[in-house]
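Enquirer: Sharing a structure below in structure tokens format, with a few things to ask.
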Amino acid sequence: MAAGFRTRRIRTERSIGDQLKKARTRKKISISQVEEATKIRARFILALESDSWEQIPSEVYGRGYLETYLQFLQIPAEPVMKQYFRERDMYARHCQDGAVELAPKNKLTLPRFILTPRFFAILVGVMVLVGFGGVIGKQVYTFGSAPYLRVAVAKADEAASTVSIQGCTAVGAQVEVNGQPAQVGQDGCFNQPMRATKGYNTYEVKAWNGQKETAQIVSSDIK
Numbered sequence: 035m036a037a038g039f040r041t042r043r044i045r046t047e048r049s050i051g052d053q054l055k056k057a058r059t060r061k062k063i064s065i066s067q068v069e070e071a072t073k074i075r076a077r078f079i080l081a082l083e084s085d086s087w088e089q090i091p092s093e094v095y096g097r098g099y100l101e102t103y104l105q106f107l108q109i110p111a112e113p114v115m116k117q118y119f120r121e122r123d124m125y126a127r128h129c130q131d132g133a134v135e136l137a138p139k140n141k142l143t144l145p146r147f148i149l150t151p152r153f154f155a156i157l158v159g160v161m162v163l164v165g166f167g168g169v170i171g172k173q174v175y176t177f178g179s180a181p182y183l184r185v186a187v188a189k190a191d192e193a194a195s196t197v198s199i200q201g202c203t204a205v206g207a208q209v210e211v212n213g214q215p216a217q218v219g220q221d222g223c224f225n226q227p228m229r230a231t232k233g234y235n236t237y238e239v240k241a242w243n244g245q246k247e248t249a250q251i252v253s254s255d256i257k
């Protein structure tokens, strides 16, 4: 080693999947045991442990599975979720930076025209049609887009072995919790009581507007 130089070991951040797998193996828990306790399918558990996020149906499911798995392994969720959002934002910026915009080589020259009464009448007619089409298009888009969904689990009533699944969605949307219809108010909010057992309970909440569906996974831990 040359005089005046010292080597220093640089610690790198472990991946989320590596943290999950090491925590599970350290506790000597099998994949099948995790699947039974969390109700997460084995292939999605393996996808989490290998950082294969593309194998999970959507980001909503991935985030819900990750939070449930962290709770099951008793890993502090805050630092891992911060790492998850940080890596997700870095990936999104990378995709944006990779986009290439091509500029036109030749400058376009617009032809000259004369404004006549006939042209003015046509222009007004086109503007009316465009405005009407915009209103119809907005209604179709609103109806055809997936409804938003916000869900939370209220404090469990341990004496009655129930939890309250509360949330809000788009007005007019239908909501199901683990396949059971929930009563949605005129403001789009709902409060659905669900049975719970000791340990980890997972609930799949779906909102449906007749065209598209939004889903979210929530969980509760009853001691």
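Under our numbering, think of the first position of the sequence shown as 35, with each following residue one higher. The beta-carbon is built from N, C-alpha and C at its ideal position, and this holds for glycine as well.
Please classify Ser254 as buried or exposed, where buried requires at least 16 neighbouring CB atoms within 10 angstroms.
Expert: When all chains shown are included, Ser254 counts as buried.
Enquirer: Which of the three DSSP states, helix, strand or coil, is assigned to Gly233?
Expert: Gly233 falls in the strand class under three-state DSSP.
Enquirer: Per the DSSP calculation, Glu238 is bridged to which residue(s)?
Expert: Bridge partners of Glu238: Ile251.
Enquirer: Quick one: what does DSSP say Gln67 is sitting in, helix, strand or coil?
Expert: It is helical.
Enquirer: When burial is assigned at 16 or more other CB atoms within 10 Å of the CB, is Pro138 buried or exposed?
Expert: Low local confidence applies: a pLDDT of 49 at Pro138 is under 50, so the model's placement there is unreliable, with the coordinate-based value given in what follows. Flag for Pro138 reads exposed.
Enquirer: Between the C-alpha atoms of Val239 and Glu47, what's the straight-line distance to the nearest angstrom?
Expert: Each residue's alpha carbon lies about 34 angstroms from the other.
Enquirer: Tell whether a beta-carbon distance below 8 angstroms holds between Leu183 and Ala230.
Expert: It is not a contact, given that the beta carbons lie outside the stated cut-off.
Enquirer: How is Glu47 classed by DSSP in three states: helix, strand or coil?
Expert: The answer is coil: DSSP assigns Glu47 none of H, G, I, E or B.
Enquirer: Could you tell me which of Glu93, Pro151, Asn212, Ile109 sits nearest to Phe119, measuring between CA atoms?
Expert: Nearest C-alpha to Phe119: Glu93.
Enquirer: Could you give the residue range of the alpha helix (DSSP H) that holds Thr102?
Expert: 93-107 is the extent of the alpha helix (DSSP H) around Thr102.
Enquirer: Which stretch, first to last residue, makes up the beta strand (DSSP E) that contains Arg75?
Expert: Element bounds for Arg75: n/a, residue is neither H nor E.
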